[in-house]
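Sequential numbering from 50 applies to the sequence shown in the numbering used here.
Note that the Cβ used here is the ideal one computed from N, Cα and C, for glycine as well.
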Amino acid sequence: DFCNLIRSKTPLECWPESWFGINNVVRHSGPLTRYQYIPGLGIKNAQGLTREQIIQQVGDAGLRGLGGAGFPTAFKWHWCEQQPEPIKYIVCNADEGEPGTFKDRFYLTKQMDRVIEGMAIAARAVGARKGYIYLRGEYLYLYQAIQQELQHAKQIGILNDLFEIELHLGAGAYICGEESALIESLQGKRGIPTSKPPYPGEKGLFGKPTVVNNVETFASVTYIFQEGSSAFHSMGTEKSKGSRLHSVSGDCEQPGLYELPQGTPLSKLLSLCGAKATQCVQVGGPSGQLLFPDQFDTTLDFEGPGHGGAIMIFDTSRSVMSITQNFSNFFRHESCGFCTPCRAGTVALTHLLERYTKLPENRQQTSKDLLELTELMNKSSHCGLGKTAGQPVASMLRWANDHDR
Ligand code: NAI
Ligand code: SF4
Numbered sequence: 050d051f052c053n054l055i056r057s058k059t060p061l062e063c064w065p066e067s068w069f070g071i072n073n074v075v076r077h078s079g080p081l082t083r084y085q086y087i088p089g090l091g092i093k094n095a096q097g098l099t100r101e102q103i104i105q106q107v108g109d110a111g112l113r114g115l116g117g118a119g120f121p122t123a124f125k126w127h128w129c130e131q132q133p134e135p136i137k138y139i140v141c142n143a144d145e146g147e148p149g150t151f152k153d154r155f156y157l158t159k160q161m162d163r164v165i166e167g168m169a170i171a172a173r174a175v176g177a178r179k180g181y182i183y184l185r186g187e188y189l190y191l192y193q194a195i196q197q198e199l200q201h202a203k204q205i206g207i208l209n210d211l212f213e214i215e216l217h218l219g220a221g222a223y224i225c226g227e228e229s230a231l232i233e234s235l236q237g238k239r240g241i242p243t244s245k246p247p248y249p250g251e252k253g254l255f256g257k258p259t260v261v262n263n264v265e266t267f268a269s270v271t272y273i274f275q276e277g278s279s280a281f282h283s284m285g286t287e288k289s290k291g292s293r294l295h296s297v298s299g300d301c302e303q304p305g306l307y308e309l310p311q312g313t314p315l316s317k318l319l320s321l322c323g324a325k326a327t328q329c330v331q332v333g334g335p336s337g338q339l340l341f342p343d344q345f346d347t348t349l350d351f352e353g354p355g356h357g358g359a360i361m362i363f364d365t366s367r368s369v370m371s372i373t374q375n376f377s378n379f380f381r382h383e384s385c386g387f388c389t390p391c392r393a394g395t396v397a398l399t400h401l402l403e404r405y406t407k408l409p410e411n412r413q414q415t416s417k418d419l420l421e422l423t424e425l426m427n428k429s430s431h432c433g434l435g436k437t438a439g440q441p442v443a444s445m446l447r448w449a450n451d452h453d454r
């Protein structure tokens, strides 16, 4: 069948080079993509430390979650470690589904050994004996290669009887990137986000304390334990440490991956990738912010409006309205349907946007309705998807207001 056929092939046999090749090109490398990785050295360094010391080292580095939210990694690990429950899990969130995001794919394709080692270090820090990698359904073509990397990690002793990892393939639902929906899905249930708290660190997979981190976060852990926490801490800004990968796509001469220290101005990235006549940039994917030229001096870090990760560039030939409609259609399609504000709200958003475009004479009222709806969705949706689905619309309306459109 199709799944077995794809699993039996290498990535290159599945998709033509042009499909994914450009997305794995590191246009601008930095310490994390360039350093000489020595397999097993990071975990060897961690083995000489107590659990508290390992967590302390992650805290000293200032590592924050690189899936998008930027939550302090050491805090998550510490909380999980503190739980009296003897069974704990490590989960790697490889359900990279945000449109325009392909940074994790680089690690999954080219540096999976580093991700596995980062998971093994986390397991040692919290006392977990089992880990899972939740792989995005659309990354099926990487399944076989990752299994081989897991085998290799066993052969060189990074994985052993004390810590093993199972690879789990998602089924293509965007919402399963949300950690509680991911956990539900891993348990064989429908991927619906659950209420937090309790957070996974306390009650996660199979009700046990669980560390859930993104692919790039685990890869950074390996860097920290090989090169030292000060090497990571020396990069970035006061509150956003380190450097990270940005997936750059859209209207620019050199789309691809850019590793930049936290706090780099968006304008610098736009000049590096050869973006010309840029009208707007969606930073952080559709659930992030749509930024216009007067905001291009914003810095890419956890403090400002542009966390980075996914940078989609649109030049003046694009319609801001169409971009917004496209994002709204995406959320409408991906809403899991569990709660009304999002299930009905995402549909209403697309209808109102259509009315906004087709009936210019009613724009004032439609604009008011749209803003009310996005606010309502933000306040009453059950999870981040519904809360942020209206963000691109709100940005578009601010732009339209400023430009009298
Ligand atoms: P969140 O802020 O609710 O949580 C982030 C992490 O911190 C979670 O692991 C959560 O368990 C932990 N956490 C938060 N508060 C805590 C507390 N008080 N105690 C202990 N742990 C706590 O954010 P969420 O909803 O998990 O992620 C949203 C982000 O994900 C957005 O920035 C969005 O851009 C990004 N995203 C990334 C995608 C991708 O493909 N990489 C896809 C979709 C969204
Ligand atoms: Fe599902 Fe949307 Fe509600 Fe989240 S906000 S639970 S995605 S319906």
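Residues that residue i bridges to, as DSSP identifies them
| i | result |
| --- | --- |
| residue 77 | 307 |
| residue 327 | 364 |
| residue 299 | 362 |
| residue 179 | 138 and 213 |
| residue 314 | 348 |
| residue 259 | 138 |
| residue 456 | Beyond the ends of the chain as shown, which are 50 and 454, falls residue 456; an answer cannot be given. |
| residue 355 | 349 |
| residue 340 | 330 |
Simplified DSSP assignment, three categories, for residue i
| i | result |
| --- | --- |
| residue 66 | Caution is warranted here: a pLDDT of 47 is assigned to residue 66, below 50, making its placement in the model unreliable, and the coordinate value is therefore given only provisionally. The answer is helix: DSSP assigns residue 66 an H, G or I state. |
| residue 445 | helix |
| residue 212 | strand |
| residue 455 | This structure does not reach residue 455, given that the chain is present from 50 up to 454, and the question cannot be answered. |
| residue 90 | helix |
| residue 252 | coil |
| residue 335 | coil |
| residue 439 | coil |
| residue 186 | helix |
| residue 290 | strand |
| residue 98 | coil |
| residue 85 | coil |
| residue 391 | helix |
| residue 267 | helix |
| residue 384 | coil |
Beta-carbon gap between residue i and residue j smaller than 8 Å
| i | j | result |
| --- | --- | --- |
| residue 430 | residue 388 | yes |
| residue 142 | residue 226 | yes |
| residue 79 | residue 308 | yes |
| residue 328 | residue 350 | no |
| residue 123 | residue 173 | no |
| residue 140 | residue 259 | yes |
| residue 188 | residue 154 | yes |
| residue 314 | residue 284 | no |
| residue 164 | residue 268 | yes |
| residue 305 | residue 107 | no |
| residue 24 | residue 438 | Here the chain has residues from 50 to 454 only, and residue 24 is not among them. |
| residue 176 | residue 137 | yes |
| residue 150 | residue 359 | yes |
| residue 112 | residue 261 | no |
| residue 191 | residue 158 | yes |
| residue 185 | residue 146 | yes |
| residue 152 | residue 296 | yes |
| residue 91 | residue 274 | yes |
| residue 402 | residue 440 | no |
| residue 235 | residue 183 | yes |
| residue 390 | residue 425 | yes |
| residue 361 | residue 338 | no |
| residue 444 | residue 352 | no |
| residue 398 | residue 384 | no |
| residue 348 | residue 386 | no |
Continuous alpha helix (DSSP H) assignments of at least 4 residues falling wholly in the segment 105-168: 122-131 and 152-159
Unbroken alpha helix (DSSP H) runs of length 4 or more, entirely within the segment 394-434: which are they? 412-429
Whole beta strand (DSSP E) runs in the segment 195-245 with 3 or more residues, listed along the chain? 213-218
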